[in-house]
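S.K.: My questions will all concern the structure given below.
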Amino acid sequence: MSILQSYSPLVEQLSIDEAFVDVSDLQQPGIEIGRQMQNRINRELRLPCSLGIASNKLIAKMATNVAKASHRSASPPNAILEVPAGQEADFLKDLPTEALWGVGPKTAERLALLGIHTIGDLAAFPEQRLGKLFGKMGSELSAHARGIDNRPVIVEHGVKSISQETTFSSDRADEGVLKRTICGLAEQVGYRLRHKGLCASTVRIKIRFSDFSTFTRQVTLSQPTDQDSLICDSALDLFRRIWQKGQPVRLLGVGVSGLDECVHQLSLWDHSLEKERKLLSALDRLRERYGKDAVLRGHSLRKKKDD
DNA sequence: TCTGGGGTCCTAGGACCC
DNA sequence: TCTGGGGTCCTAGGACCC
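Written out as structure tokens, the structure is:
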């Protein structure tokens, strides 16, 4: 990411290893900048990387995918492809609908029922009908199929949610194990919140049973929090709403959303909360220095034994 | 192709308020 | 007290992406 930022401040990190870079203000042609970036990443990081160069994010992303797919050898792809401005629709037209970024198996299936198989088919389909059939997604789909994408490169992407989940090696029905697992997950979520200086207003749990059926439940708190114990208590309340004694569980997850910077407003009788906060920050520091498992709370300790 | 562990965004219904 | 319209917030689930 810092290599990319040395070319332009307009870098939008898309995932752990992908980003959009807006180089439209630079004087050099995009393909040359792309080659330079690729060379530096190859050389300085000893990593392969693929790039797409285009007039918008959608086409740049898809050019990358097409470049990677056309790479035929055992070595990792280190491809580069430019789609010149004006040729977006032409570049897309013969690709299958599923290749369109944002179209997955479900949407592709629905489109196929309408006789739409390629992105070209999609571009030719009346936009109004798509809008009626697919709602907001329909009109976006239509524009994207014609190579139109006006989304800007956004530098800052604040985190929207934080979650931790775990799948048991074998399904568990023991109430103690399940509850301690939930609180362990809540602690990890709390730690990540405090690390980022964020507080969450919504707590969510996810539970998957042996038959793979999956349920989520969420609550909005009266006050945003970054405290393990509050996240854990809320998560346990939600857990009790869906779990019946003896039911084997395959997966448990705890998540938070509604994130914002913490405002620690202390009411007159909140001394115990303040003590808890100090304890947590001491624990956090110990973990940062000696590792995640350096200090464990009572329930986490018992969980280790269960495992 | 599936699994696992993260995420984002959208939809739809209900509650509530003006 | 009821009706209607519009807006916001909350909740649950689903589609999609890496």
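For what it's worth, this note's numbering labels the leading residue of the first sequence as 34, then goes sequentially. Glycine included, each C-beta is placed from N, C-alpha and C at the ideal position.
Could you give the distance in angstroms between the alpha-carbon of Gln-256 and the alpha-carbon of Ser-234?
M.R.: Along the first sequence, one-based indexing puts residue 256 at 223. Along the first sequence, one-based indexing puts residue 234 at 201. The alpha-carbon atoms of Gln-256 and Ser-234 are separated by roughly 6 angstroms.
S.K.: Take Leu-37 and list the residues in its own chain whose beta-carbon comes closer than 8 angstroms to its own, dropping the five residues that flank it on each side.
M.R.: If you number the first sequence from 1, residue 37 lands on position 4. Cβ within range, chain order: Val-44, Ala-52, Val-54, Met-70.
S.K.: Going along the chain, which residues of its own chain have a beta-carbon closer than 6 angstroms to the beta-carbon of Leu-128, five neighbours each way excluded?
M.R.: Within the first sequence, the letter at position 95 stands for residue 128. Here the set comprises Ile-152.
S.K.: Quick check on Tyr-224: buried or exposed, where buried means 16 or more other Cβ atoms within 10 Å of its Cβ?
M.R.: Here the question's residue 224 lines up with position 191 in the first sequence. That one is buried.
S.K.: Specify whether the region 171 to 183 and the region 133 to 140 touch according to this definition: at least 3 beta carbon pairs, one from each stretch, less than 8 angstroms apart.
M.R.: The region 171 to 183, when compared against the region 133 to 140, does touch it at the 8 angstroms Cβ threshold.
S.K.: Counting only the same chain and skipping the five closest in sequence on each side, list residues whose C-beta sits under 6 angstroms from that of Ala-315.
M.R.: In the first sequence, counting from the first residue as 1, residue 315 sits at position 282. Correct list: empty, nothing qualifies.
S.K.: Alpha carbon to alpha carbon, how far is Ala-122 from Gln-260?
M.R.: Numbered from 1 along the first sequence, position 89 holds the residue referred to as residue 122. Numbered from 1 along the first sequence, position 227 holds the residue referred to as residue 260. The straight-line gap from Cα to Cα measures roughly 51 angstroms.
S.K.: How do the region 110 to 125 and the region 84 to 97 stand: do at least 3 beta-carbon pairs fall below 8 angstroms, yes or no?
M.R.: As far as the Cβ criterion goes, the region 110 to 125 touches the region 84 to 97, which means the pair count is three or higher.
S.K.: Rounding to the nearest angstrom, what Cα-Cα distance links Ser-203 and Asn-183 in this structure?
M.R.: Translated into positions along the first sequence, residue 203 becomes position 170. Translated into positions along the first sequence, residue 183 becomes position 150. Using only the alpha carbons, I get a separation of about 47 angstroms.
S.K.: Restricting to Cα atoms, I'd like to know which of Arg-213, Ser-290, Thr-200 is closest to Cys-359.
M.R.: For the chain, the structure presents residues 34 to 340; residue 359 sits outside this window and is missing.
S.K.: Cutting at 7 angstroms between CB atoms, please list the residues of its own chain near Ile-64, excluding the five before and the five after it.
M.R.: As a working note, residue 64 is residue 31 in the first sequence. Counting only Cβ-Cβ distances below 7 angstroms, and skipping sequence neighbours, we find Ile-86, Glu-115.
S.K.: For Glu-361 and Glu-189, I'd like the C-alpha separation in whole angstroms.
M.R.: No information on residue 361 is available, as it lies outside the stretch 34 to 340 that the chain covers here.
S.K.: In angstroms with no decimal places, state the Cα-to-Cα distance between Ile-195 and Ile-238.
M.R.: The residue you call residue 195 lines up with position 162 of the first sequence. The residue you call residue 238 lines up with position 205 of the first sequence. The alpha-carbon atoms of Ile-195 and Ile-238 are separated by roughly 12 angstroms.
S.K.: CA-CA distance, Pro-185 and Gln-61?
M.R.: Start at 1 with the first residue of the first sequence, and residue 185 comes out as number 152. Start at 1 with the first residue of the first sequence, and residue 61 comes out as number 28. Roughly 20 angstroms between the two C-alpha positions.
S.K.: State the start and end residues of the unbroken alpha helix (DSSP H) segment that holds Lys-94.
M.R.: Residue numbering aside, residue 94 sits at position 61 when the first sequence is read from its first letter. Where Lys-94 is concerned, the enclosing alpha helix (DSSP H) stretches over 90 to 102.
S.K.: What are the start and end residues of the alpha helix (DSSP H) that includes Ile-143?
M.R.: Along the first sequence, read from residue 1 onward, the residue named residue 143 stands at position 110. Correcting the residue type first, residue 143 is Arg in the shown sequence and not Ile. Residues 138 to 146.
S.K.: Given a cut-off of 9 angstroms, decide if Val-287 and Ala-219 are closer than it, judged by their beta-carbon atoms.
M.R.: Within the first sequence, numbered from 1, the residue matching residue 219 stands at position 186. Within the first sequence, numbered from 1, the residue matching residue 287 stands at position 254. The answer is yes: Cβ separation under 9 angstroms.
S.K.: Starting from the Cα of Leu-269, find the closest Cα among Gly-209, Arg-310, Tyr-323 and give me that residue.
M.R.: Against the first sequence, residue 269 aligns to sequence position 236. When only C-alpha atoms are compared, the closest one is Gly-209.
S.K.: Throw me the rounded Cβ distance for the Leu-125 and Gly-180 pair, which I believe falls under 8 angstroms.
M.R.: Taking the first sequence and counting its residues from 1, the one referred to as residue 125 is at position 92. Taking the first sequence and counting its residues from 1, the one referred to as residue 180 is at position 147. Right, their Cβ atoms sit about 6 angstroms apart.
S.K.: Kindly indicate which three-state DSSP category Ile-86 falls into: helix, strand or coil?
M.R.: Position 53 of the first sequence holds residue 86. The answer is strand: DSSP assigns Ile-86 an E or B state.
S.K.: Mapping the DSSP letters down to three states, classify Gly-153 as helix, strand or coil.
M.R.: Position 120 of the first sequence holds residue 153. Residue state, collapsed to three classes: helix.
S.K.: If you drop the 5 nearest sequence neighbours on each side, which residues of the same chain put their C-beta closer than 8 angstroms to that of Lys-165?
M.R.: By one-based count along the first sequence, residue 165 stands at place 132. Correct list, in chain order: Gly-171.
S.K.: Looking only at its chain, what residues have a beta carbon closer than 6 angstroms to the beta carbon of Pro-81, apart from the 5 residues adjacent to it on each side?
M.R.: Counting from one through the first sequence, the residue named residue 81 turns up at place 48. Contacts found: Pro-109, Asn-111.
S.K.: Could you tell me which residues DSSP puts in a beta bridge with Asp-293?
M.R.: Position 260 of the first sequence holds residue 293. Bridge partners of Asp-293: Cys-232.
S.K.: Under the DSSP definition of a beta bridge, which residues are partnered with Glu-45?
M.R.: For the purposes of this step, residue 45 is taken as residue 12 along the first sequence, with counting starting at 1. The partner list for Glu-45 (beta bridge, DSSP) reads Phe-53.
S.K.: Among Gly-67, Thr-253, Gly-217, Glu-198, which one has its Cα closest to the Cα of Ile-240?
M.R.: In the first sequence, the residue the question calls residue 240 occupies position 207. That would be Glu-198, whose Cα lies nearest to the Cα of Ile-240.
S.K.: Going along the chain, which residues of its own chain have a beta-carbon closer than 7 angstroms to the beta-carbon of Val-56, five neighbours each way excluded?
M.R.: By one-based count along the first sequence, residue 56 stands at place 23. Tyr-40, Ser-41, Gly-63, Ile-66.
S.K.: Quick one: grab the DSSP three-state call for Lys-311.
M.R.: If you number the first sequence from 1, residue 311 lands on position 278. Here Lys-311 sits in helix by DSSP.
S.K.: Check whether the Cβ atoms of Pro-246 and Glu-309 lie closer than 9 angstroms to each other.
M.R.: Taking the first residue of the first sequence as position 1, residue 246 is located at position 213. Taking the first residue of the first sequence as position 1, residue 309 is located at position 276. A quick correction: the sequence has Ser, not Pro, at residue 246. No, these two residues do not count as a Cβ contact at 9 angstroms.
S.K.: Nearest by alpha-carbon distance to Val-236: which of Arg-227, Leu-226, Leu-254 is it?
M.R.: Translated into positions along the first sequence, residue 236 becomes position 203. Selected option, being the one with the closest Cα: Leu-254.
S.K.: Could you give the first and the last residue of the continuous alpha helix (DSSP H) run that contains Glu-65?
M.R.: Within the first sequence, residue 65 is the residue found at index 32, counting from 1. Looking at the DSSP string, the run of the alpha helix (DSSP H) that includes Glu-65 is 63 to 78.
S.K.: List in chain order: all unbroken beta strand (DSSP E) runs of 3+ residues lying wholly within the region 218 to 293.
M.R.: The qualifying runs are 231 to 242, 247 to 258.
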